[in-house]
Amino acid sequence: MTESSFQRVKNAFVSAIWATFASMSLGLAFKIWLAQWVDKSDLALYHTVVDIISMSLILLSGFRASMVVSFSQTKNDADITNIFRYSLITMVLFTWGLVLPYIKHQLNIDVEYIQLVGVILGMGFKVYFTNQIGMYRLYDIANKAIWIEPLVQVLLFLVCFYLFGQTAVASLFFSLMLSNFAVATYMFIQRRKLIATTPLAPVQLDEKMKSFVKKSMMSSLEVGASILMIYAAVLLTIGYFTIDELGDFQVVVRPVLAYFTMLFVFPVYRYILPEIAQCLRHEQHQEIALIRRWFFKLSLAISASLLLVLVLFSDEIVGFIFPQTYAKAAPVLLHFSLFFGFMMLNAFQVAYIKAHGLFLQSLMIRLLGVATLLSMFYLLRLFTDNVVAVILALGFGYLAMFIASSIIERKLLKQHSFDEANAAH
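The opening residue of the sequence shown carries number 77 in my numbering; numbering runs sequentially from there.
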């Protein structure tokens with residue numbers, strides 16, 4: 077019996093939560109272990125370089141949504157893949173030619189050239205195969221890759237440091253580079269068992285492929301806007317509050333926000349979006365309704381549980397995990413829990429909107445969130461000087477996005493109901 081889209085989504089989503097949790101736990105344990113004995117400046121250097129390179133390549137992760145939607149509509153994986161290949165090659169060369177010299181000469185960061193090039197190429201290959209298996213809806217491969225990468229990096233670090241006698245920083249860079257290549261190779265081999273590699277060839281830019289390019293640009297801009305939303309909160313904290321309050325946000329609040337996003341928001345775009353796009357292609361609106369009902373119940377359960385736990389134990393949790401100097405982060409975390417449900421629901425609604433090919437609308441929703449964040453922060457500043465104003469403004473940004481996406485989602489649902497009624501007559 078063929079598995080329904082609803083069952084595929086449930087199985088893949090739950091598996092992704094466990095895989096992501098395992099990956100996060102391993103990565104966090106590795107960071108804590110390194111922090112015990114590796115010089116703080118060396119770790120800062122490593123994370124700074126990785127962040128800069130990641131920022132230059134992360135925009136291409138926006139291609140995944142447009143690849144998923146366009147492939148579900150056209151089944152033209154050859155042209156879609158080649159457009160993405162050429163875009164990725166261009167971005168890798170840009171990073172190699174401009175970002176790498178900036179790291180070496182403008183920031184004066186002492187990292188070997190081969191390590192920087194290796195990290196750029198490794199990340200590029202990983203982005204390529206991650207997007208490709210997303211397009212083909214190969215969820216089992218995607219979930220295994222989530223925890224394979226940090227496991228391989230830890231093992232390679234131990235080999236580089238203890239067996240080959242590399243320094244800690246060199247071992248970190250080599251293990252990151254090689255783990256990216258390793259997980260990319262794994263995805264390539266597993267995908268090739270199921271789907272043959274499309275040849276590198278010139279692109280036939282018909283109207284559908286031009287539409288794909290436009291969607292990809294919009295999706296990449298949306299990824300940039302989502303990054304801007306978080307960094308705007310960081311910059312507001314830097315500009316208006318003390319270094320201690322900045323530390324609370326950066327060390328406690330931002331990582332928690334990132335972890336919950338990885339666990340419960342990212343899987344929406346990886347697994348729910350492809351299935352909704354597939355259902356729309358086959359006009360399986362009842363399947364979409366089942367997915368929607370299940371995810372809304374899941375979002376309510378997760379957000380209510382998070383809120384309840386933090387209402388009762390936020391001080392104890394922060395005090396157990398972090399030193400006493402971070403105790404003031406507890407109320408900020410509590411306010412974060414108030415709007416996390418809106419983040420999850422908005423993710424589903426945006427996925428539903430994108431599945432219809434409305435990438436411009438999803439970009440406008442994200443920009444509305446950024447604008448609401450900024451305007452609400454300065455409005456809240458009139459009433460309070462507390463750092464909680466930053467997290468509340470961020471929450472209002474997600475609330476505004478939720479309202480806007482709800483309006484568009486409702487219009488699409490009404491349109492499908494109208495079409496089905498006409499078809500019945």
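Even for Gly, the Cβ is constructed at its ideal location relative to N, Cα and C.
On a predicted model such as this, the values are computed, not experimentally measured, just so you know.
Query raised in the report: Which first and last residues belong to the alpha helix (DSSP H) in which Ser-247 is found?
Result: 244-270
Query raised in the report: According to DSSP, is Met-77 helix, strand or coil?
Result: The predicted position of Met-77 is uncertain, since its pLDDT is 43 and thus under 50; a value taken from the coordinates is nonetheless stated next. Coil.
Query raised in the report: To the nearest whole angstrom, what separates the beta carbons of Ser-379 and Met-420, a pair I think is in contact under 8 Å?
Result: 7 Å
Requested in this report: Within the same chain, show all residues whose beta-carbon is closer than 6 Å to that of Ala-88, passing over the 5 residues directly before and after it, in chain order.
Outcome: Cβ within range, chain order: Tyr-215 and Tyr-347.
Query - Counted within 10 angstroms of its Cβ, other Cβ atoms place His-64 as buried (16 or more) or exposed - result: The structure shown does not extend to residue 64, since the chain is modelled only from 77 to 501, so the question has no answer here.
Report task. State the Cα-Cα distance for the pair Tyr-178 and Ile-190, rounded to the nearest angstrom. Result -> 15 Å
Query - Uninterrupted alpha helix (DSSP H) stretches inside the region 113-182 (no shorter than 4 residues) - result: 116-134, 139-150 and 153-170
Query raised in the report: Roughly how many whole angstroms lie between the Cα atoms of Phe-106 and Leu-383?
Result: Distance between the alpha carbons of Phe-106 and Leu-383: 29 Å.
**Report entry** Cβ shell of Ala-353 (< 7 Å), same chain only, five flanking positions each side left out
**Finding:** Val-144, Val-145, Ser-148 and Ala-431
Query raised in the report: Would you say Ile-129 and Val-175 are within 8 Å of each other, going by their C-beta atoms?
Result: yes
Query raised in the report: Just checking my contact of Phe-249 with Val-329 at CB under 8 Å: how many whole Å lie between their CB atoms?
Result: Going by Cβ atoms, the distance from Phe-249 to Val-329 rounds to 29 Å, so no, they are not a contact pair.
Requested in this report: Could you tell me how far apart the beta carbons of Ala-92 and Asn-207 are, in whole angstroms, since I believe they sit closer than 8 Å?
Outcome: Not confirmed; about 16 Å, so no contact.
Query raised in the report: Looking only at C-alpha atoms, which of Glu-392, Cys-236 and Ala-447 sits nearest to Ile-306?
Result: Ala-447
Query raised in the report: Assuming Val-203 contacts Leu-312 under a Cβ cut-off of 8 Å, what Cβ separation, rounded to an integer in Å, is found between them?
Result: At roughly 30 Å, the Cβ-Cβ gap does not stay under 8 Å, so Val-203 and Leu-312 are not in contact.
**Report entry** Alpha-carbon spacing of Ser-80 relative to Glu-363, whole angstroms
**Finding:** 8 Å
Query raised in the report: To the nearest whole angstrom, what separates the beta carbons of Ile-134 and Val-299, a pair I think is in contact under 8 Å?
Result: 6 Å
Query raised in the report: Taking C-alpha atoms, which residue in Ala-405, Thr-274 and Phe-416 lies nearest to Ser-375?
Result: Phe-416
Query - Distance between Asp-118 and His-492 (C-alpha atoms, nearest Å) - result: Distance between the alpha carbons of His-492 and Asp-118: 56 Å.
Requested in this report: Could you tell me whether the region 272-281 touches the region 148-157, using the rule of 3 or more Cβ pairs below 8 Å?
Outcome: Three or more pairs of CB atoms, one per stretch, sit closer than 8 Å, so the region 272-281 contacts the region 148-157.
Report task. Could you tell me whether any non-hydrogen atom of the ligand ADP is closer than 7 Å to the CB of Arg-486? Result -> Here there are no bound small molecules, and the ligand ADP is not part of this structure.
Query raised in the report: Among the residues of its own chain, which have a CB less than 7 Å from the CB of Ile-271, if the five just before and after it don't count?
Result: Tyr-212
**Report entry** 8 Å Cβ cutoff met for Ala-377 and Asp-391
**Finding:** no
Report task. Using three-state DSSP, classify Tyr-307 as helix, strand or coil. Result -> helix
Query raised in the report: Who are the Cβ neighbours of Ala-246 in its own chain at under 8 Å, not counting the five residues just before and after it?
Result: Taking Ala-246 as the centre and dropping the five residues before and after it, the same chain places the C-beta of Glu-188, Gln-191 and Cys-236 closer than 8 Å to its C-beta, in chain order.
Query - Reference Glu-485; option with closest CA among Arg-442, Thr-150 and Tyr-428 - result: The shortest C-alpha separation from Glu-485 is found at Tyr-428.
Query raised in the report: Considering only C-alpha positions, which residue in the set Gln-266, Phe-288, Val-168 and Ser-296 is nearest to Phe-205?
Result: Gln-266
**Report entry** DSSP state of Tyr-454 mapped onto helix, strand, coil
**Finding:** helix
Report task. Output the distance between the C-alpha atoms of Met-77 and Arg-84, rounded to the nearest integer angstrom. Result -> Caution is warranted here: a pLDDT of 43 is assigned to Met-77, below 50, making its placement in the model unreliable, and the coordinate value is therefore given only provisionally. The C-alpha of Arg-84 is placed about 13 Å away from the C-alpha of Met-77.
Report task. Give every residue of the same chain whose Cβ lies closer than 8 Å to the Cβ of Asp-324, excluding the five residues on either side of it in the sequence, and list them in chain order. Result -> Tyr-402, Lys-404, Ala-405, Val-408 and Val-463
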